[in-house]
Amino acid sequence: QKEVEQDPGPLSVPEGAIVSLNCTYSNSAFQYFMWYRQYSRKGPELLMYTYSSGNKEDGRFTAQVDKSSKYISLFIRDSQPSDSATYLCAMSAERTYKYIFGTGTRLKVLA
Amino acid sequence: GAGVSQSPRYKVAKRGQDVALRCDPISGHVSLFWYQQALGQGPEFLTYFQNEAQLDKSGLPSDRFFAERPEGSVSTLKIQRTQQEDSAVYLCASSFGTDNSPLHFGNGTRLTVT
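Structure below.
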């Protein structure tokens, strides 16, 4: 079993829908959580960076961390075709440089 | 402010050739990482530098892989005697601090070994 699990998709939604992307993890030491967006043939781009549990909002994006369930989510409101990309979660324990990435979820937003 | 720059963007090598991949991190970033990303997978850690010191090379797949960052800025990932299984995207990332700093990635070098 991998340390970080992420459904590879693809996930297809109509334009304007609310998208929910999720990762589960097994290491209770993880404290730092990131979401990246990766367009085809590009590098991952940092979207959200959160510490410990709770919610963080930035524009149309909300990151949610539930440490008791070892479950993190990224919500995208009013999804746009330009949101079509692969979304990667990444996480790390305290006082470490090492991040563990999920496999990524492919999202397609249909116009 | 420039981001992380990688070159070349694409590299085709015949099996057995040596290749060198370059990474120019964000100016002032202490930490530099190399990751390997296979098709449909997330990035897998290869190696980590703090300034010029290579603190962790535990992810390098074999002794054919070698990385350096001699002046604490630009880094080179070298692969000797390339094999087909080395075909992947090689991503470089940098971060301002050391522990738990968010990573900023370049666009990668796509290596194809024929």
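Line by line, the protein sequences are chains P and V.
The numbering of the first sequence is my numbering, which starts it at 115 and goes up by one.
The numbering of the second sequence is my numbering, which starts it at 3 and goes up by one.
Glycine residues also receive a C-beta, built at the ideal position from the N, C-alpha and C atoms.
As the structure is a prediction and not an experimental result, all values here were calculated from the model.
query: Using only CA atoms, which one of P:G123, P:R155, P:Q178, P:T219 lies nearest to P:Y165?; result: P:Q178
query: Between P:E171 and chain V, is the shortest Cβ-Cβ distance under 9 Å, so that the two count as touching?; result: no
query: Could you check the C-alpha separation between V:G18 and P:S187 for me, to the nearest Å?; result: 43 Å
query: Step through the CB atoms of chain V and report whether any lies within less than 9 Å of the CB of P:T217.; result: yes
query: Using DSSP's beta-bridge definition, name the partner residues of P:V179.; result: P:G168, P:I186
query: From P:N136 to P:Q120, what does the alpha carbon distance come to, in whole angstroms?; result: 7 Å
query: Using the beta-carbon of each residue, which ones in chain P are nearer than 8 Å to V:T100?; result: Y211
query: Can you check DSSP and say which residues form a bridge with V:E70?; result: V:T78
query: Whole angstroms is fine: what's the gap from V:A22's alpha carbon to P:A131's?; result: 44 Å
query: Does the stretch 193 to 202 of chain P come close enough to the stretch 82 to 91 of chain V to have 3 or more Cβ pairs within less than 8 Å?; result: no
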